[in-house]
Amino acid sequence: MFNDIGVLELATLAILGVLIFGPDKLPKVIQDTSRFIRKIREFSESAKEDIRTELGPEFKDFEFEDLNPKTFVRKQLMDGNDELGLKEIRESFDLRKDLAEVTDAVNGRESAAVESADSSGGVSSGSAITAANGSGGTPDLLKKRAQPAKDDHPPFDSDAT
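Using this note's numbering, you'd call the opening residue of the sequence shown number 328 and step up by one each time.
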């Protein structure tokens, strides 16, 4: 219950206890508090035991901690048996590789995975970029586009107005 209390917190609680209750009443307060905590634990354990006896012998391995959703999911998914193939799905996601491919595509570079896939298909992504934007080489995303002539009006879109 108090596994995560450090030395500094314990010293702070002791000093506060002496200041609030005084050195005369502090031992009595500590006894009353420990007795209260012990009674609560006994009540909790007896309630758990009553529930287990009421459920019957088929629920003898029942743990109340399993009712916590996080514990339940952790127990079901992180168990040794992988019936759903979740381990295979988890391992198939390579976010670094996907991010590198997207970065290379945005910067106009060919990644090693794209090159190897394209070499077997016969079309390089560089030629696809050239065909897509009509210019040779990689697209320059930082360069401003040419201004349209004054007589060229953008097409009218009635849905946009």
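Beta carbons are placed, not taken as given, at the ideal position from N, Cα and C, and that holds for glycine.
Buried or exposed (CB count within 10 angstroms, at least 16 for buried), residue i
i      : result
Val345 : exposed
Ala444 : Interpretation of Ala444 is limited by its pLDDT of 49, a score under 50 that renders its predicted location unreliable; the figure taken from the coordinates is listed afterwards. So Ala444 ends up on the exposed side.
Ser371 : exposed
Ser447 : Interpretation of Ser447 is limited by its pLDDT of 47, a score under 50 that renders its predicted location unreliable; the figure taken from the coordinates is listed afterwards. Its Cβ having fewer than 16 others within 10 Å, Ser447 is exposed.
Glu381 : exposed
Candidates the options: closest to residue i by CA position
i      : options                        : result
Ile357 : Leu340, Ala432, Arg368, Phe370 : Leu340
Gly435 : Leu422, Ile416, Leu469         : Leu469
Short Cβ contact (8 Å threshold) for residue i with residue j
i      : j      : result
Lys375 : Phe391 : yes
Phe399 : Asp393 : yes
Assumed close pair residue i, residue j - CB separation to whole angstroms, cut-off 8 Å
i      : j      : result
Phe389 : Arg379 : 6 Å
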